[in-house]
Amino acid sequence: MQQQVVKVITIDGPSGSGKGTISQLVAERLGYHFLDSGALYRLLALAADRHAISFDNEAALVTLAEHLDVQFKQDASGIAQIILESEEVTDAIRNEEVAGGASKVAALPAVRSALLARQRAFAERPGLVADGRDMGTVVFPAAPVKVFLTASAEERAQRRYNQLKEKGNDVSLASLLNEITTRDERDSSRSVAPLKPADDAVVIDTTGIGIDEVTDRVLSLVNERLAS
Ligand code: DC
1 MQQQVVKVIT IDGPSGSGKG TISQLVAERL GYHFLDSGAL YRLLALAADR HAISFDNEAA
61 LVTLAEHLDV QFKQDASGIA QIILESEEVT DAIRNEEVAG GASKVAALPA VRSALLARQR
121 AFAERPGLVA DGRDMGTVVF PAAPVKVFLT ASAEERAQRR YNQLKEKGND VSLASLLNEI
181 TTRDERDSSR SVAPLKPADD AVVIDTTGIG IDEVTDRVLS LVNERLAS
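Residue 228 is where the sequence shown ends in the UniProt record's numbering, and the numbering goes up by one at each step.
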């Protein structure tokens, strides 16, 4: 129902494809809301770890997902902040360990169902840019604009390496490439909502293309599709 009036743009793709950055820029340019669905899986993994719930305890993870106490806020200077159980975890959810846990909990069908309504609730007027793996296939199948971003695994590992280095993290490019490939494999081969473009998604390969150009391509697509 809601999807018919709220304009939803889905941007899916593997990690390092640039979808996080592009989705935020597109949302800003359009004045739309933004859903970082990967953050929900990361938050669930972090909360599970803190509550000593193992990543294969599906029933306990579902209960945790249903009651996950999360707030997406902005601080006084407009910087996005994520609060889990009253604690700021904006940076804490971004490490590779949490990403690995997120990929594991995301492979559990009942966990994915438990997070569906929470994700759909982000669709508010005037519109939403939803970033994830299954935004166009499962969460917002009726979205009028669907984009799937890809890039070679090497380029994605390099981008992640640069990001982490910038933040002062000591990482090895080879191990990042290995982690990214393992996670892609798990995300693509799971039985529920595997990582794949929706049939009606426009696929953009961002290998060797800058952020501004990709953002412009997505915005032209949005103009084209939402013009009528
Ligand atoms: O986009 P990200 O790296 O923050 O996502 C973290 C993990 O969550 C990733 O391994 C895939 C999973 N995920 C998912 O299964 N479905 C989504 N819609 C978003 C993320």
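Each residue gets a CB set at the ideal place from its N, CA and C atoms; glycine is no exception.
Contiguous alpha helix (DSSP H) assignments of at least 4 residues, all confined to the stretch 94-161: For the stretch 94-161, the continuous alpha helix (DSSP H) assignments of 4+ residues that do not extend past its boundaries occur at 96-105, 109-114, 116-120, in sequence order.
Rounded separation between I53 and S77 - CA only: Cα-Cα distance, rounded: 35 Å.
Collapsed DSSP secondary structure at L25 in the structure displayed: Look at L25 here: in three-state DSSP terms it is helix.
Cα-Cα separation, E124 to V105: Approximately 27 Å between the Cα atoms of the pair.
R217 Cβ short of 7 Å to the ligand DC heavy atom set: R217 Cβ: outside cutoff for every heavy atom of the ligand DC.
Which of helix, strand or coil DSSP assigns to Q3: Residue confidence for Q3 is low, a pLDDT of 44 falling below 50, so the modelled location carries little weight; the figure read from the coordinates is stated next. Reduced to three states, the DSSP call for Q3 is helix.
Proximity of S37 and R156 at Cβ, strictly below 8 Å: Cβ distance not < 8 Å, so S37 and R156 don't count as in contact.
G20, buried or exposed, once every other Cβ within 10 Å from all chains shown has been counted against 16: Classification of G20: buried, given that the 10 Å Cβ count is 16 or more.
Supposed contact pair S103 and R186 - C-beta distance, whole angstroms, cut 8 Å: The pair is a contact, with the Cβ atoms about 5 Å apart (cut-off 8 Å).
Minimum C-alpha distance to A117 - residue among G13, V62, T215, Q24: It is V62.
Reduced DSSP secondary structure (H/G/I, E/B, other) of A92: In the structure shown, A92 falls within a helical segment according to DSSP collapsed to helix, strand and coil.
Check: A102 C-beta below 7 Å from any heavy atom of the ligand DC: True, at least one ligand heavy atom lies under 7 Å from that Cβ.
CA nearest to the CA of G127, picked from R29, A39, G13: Taking only the C-alpha atoms, the option nearest G127 is R29.
Residue interval of the beta strand (DSSP E) (run including I79): I79 -> no beta strand (DSSP E), and no H or E assigned at all.
Exposure of D134, with buried meaning 16 or more beta-carbon neighbours within 10 Å: Result: buried.
Integer Cβ distance of A27 from H33, believed to fall under 8 Å: About 7 Å separates the CB atoms of A27 and H33; that is less than 8 Å, so the two are in contact.
Presumed contact (8 Å Cβ cut-off) between L43 and L68, rounded CB distance: The Cβ separation is near 6 Å, so the contact holds.
Check: Y41 C-beta below 7 Å from any heavy atom of the ligand DC: Flag set: Cβ of Y41 near the ligand DC.
Every unbroken beta strand (DSSP E) inside the stretch 54-79 [3 residues or more]: Taken in chain order, the complete beta strand (DSSP E) segments of 3 or more residues contained in the stretch 54-79 are 70-74.
Proximity test, G18 beta-carbon vs the ligand DC heavy atom, cut-off 7 Å: Checking the Cβ of G18 against the ligand DC gives no.
Under the three-state DSSP convention, the category residue 286 falls into: Nothing about residue 286 can be reported from this structure: the residues present for the chain run from 1 to 228 only.
Endpoints, alpha helix (DSSP H) assigned at L219: Here the alpha helix (DSSP H) through L219 covers 211-226.
F140 beta carbon less than 8 Å from that of V8: Contact annotation: V8 and F140 have beta-carbon atoms nearer than 8 Å.
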